[in-house]
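Okay, so the sequence shown: first residue is 1 according to full-length UniProt numbering, each after it adds one.
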Amino acid sequence: MTSFHKLQAVVNNLEDAHEQIDTAICTALKESKPVYISISCNLPSIPHPTFSRHPVPFFLSPRLSNQMNLEAAVETAAAFLNKSVKPVLVGGPKMRVAKASKAFVELADACGYPVAVMPSAKGLVPEHHSRFIGTYWGAVSTPFCAEIVESADSYLFAGPIFNDYSSVGYSLLLKKEKAIIVQLDRVVIGNGPAFGCVLMKDFLHALATRLKKNTAAYDNYSRIFVPQGEPLSSEPGEPLRVNVLFKHIQKMLSGNSAVIAETGDSWFNCQKLKLPEGCG
């Protein structure tokens, strides 16, 4: 069984304590993932020379993209997308770690493509965006979303995770040669070139300045889109239905809300919620 945390530091002597704690904190900040620090209960009150009275402020050197690789990746991706007829953007959960959500929205604003998210990325892209089309999840996508994504002649996935759950048993009707896959520090374009040492945020930000406006895919979505109806209200004494329950949950949501959905039915049903601005 894989641990949920990135690093475990067990401090049972003072000689290595300073290094262990700094390493753990550094890892948490760099990876944006939890770490576990366990300190023996008899150690905190014992002084040690490695812990100075006035701690030096903690500082991490920022990670930087290789500028030559970044320029090459952006140039190749722009040529790939600008020749497409109906391209789309899909946001994935790794955008959170990459802190690339803002850059992704900037790209969406600049290019005019429709914007979808993978199920684990719900909340990372503002759903009030004018070209947001919902969750792309294969056969269980938001209505009309899968039709637009899978009929596109190119798609950019930012920070995706393709596993058996997010791909509905690896049944997604996607073609590798049509895809640009942007990972934390790597960009792969179709069946062609891959570019390393390129940070997602830098790539998306630079790409936004190179793309031509193209609203063809969103125009197609607008033509086929039919708004969903409201569930009927329950009669007095009638058992509570799931769709009525989520209708009430929807009305409770605000910009100060956070929705936490476990796996199973709740995850499927929470995908149908429309998150207001600021809600995650």
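The beta-carbon is built from N, C-alpha and C at its ideal position, and this holds for glycine as well.
{"Query": "Taking 7 Å as the limit between beta carbons, can you name the residues of its chain near Tyr221, skipping five residues before and five after?", "Result": "Pro114, Ile133, Phe144, Ile148"}
{"Query": "Hey, how far is the Cα of Leu107 from the Cα of Ile39?", "Result": "45 Å"}
{"Query": "With the cut-off set at 8 Å, would you say Ala217 and Ala110 are in Cβ contact?", "Result": "no"}
{"Query": "Is Ala179 helix, strand or coil when you go by DSSP?", "Result": "strand"}
{"Query": "Pairing CB atoms from the region 154-165 with CB atoms from the region 82-101, are three or more of them under 8 Å?", "Result": "yes"}
{"Query": "Where does Ile224 land, buried or exposed, given buried means 16+ other C-beta within 10 angstroms?", "Result": "exposed"}
{"Query": "Using only CA atoms, which one of Ile180, Gly280, Phe246 lies nearest to Leu81?", "Result": "Ile180"}
{"Query": "In terms of DSSP beta bridges, what is Ala194 paired with?", "Result": "Val188"}
{"Query": "What residues in its chain sit with their C-beta under 6 Å from that of Gly196, if we drop five residues either side in the sequence?", "Result": "Arg186"}
{"Query": "Would you mind reading off the limits of the beta strand (DSSP E) that contains Gln271?", "Result": "Unbroken run through Gln271: none, as it is neither H nor E."}
{"Query": "At which residue ranges does the UniProt domain \"Thiamine pyrophosphate enzyme central\" (74-192) contain complete alpha helix (DSSP H) runs of 4 or more residues, listed in the order of the chain?", "Result": "95-98, 101-111, 145-150"}
{"Query": "Restricting to Cα atoms, I'd like to know which of Ser84, Ala72, Asp164, Pro57 is closest to Pro119.", "Result": "Asp164"}
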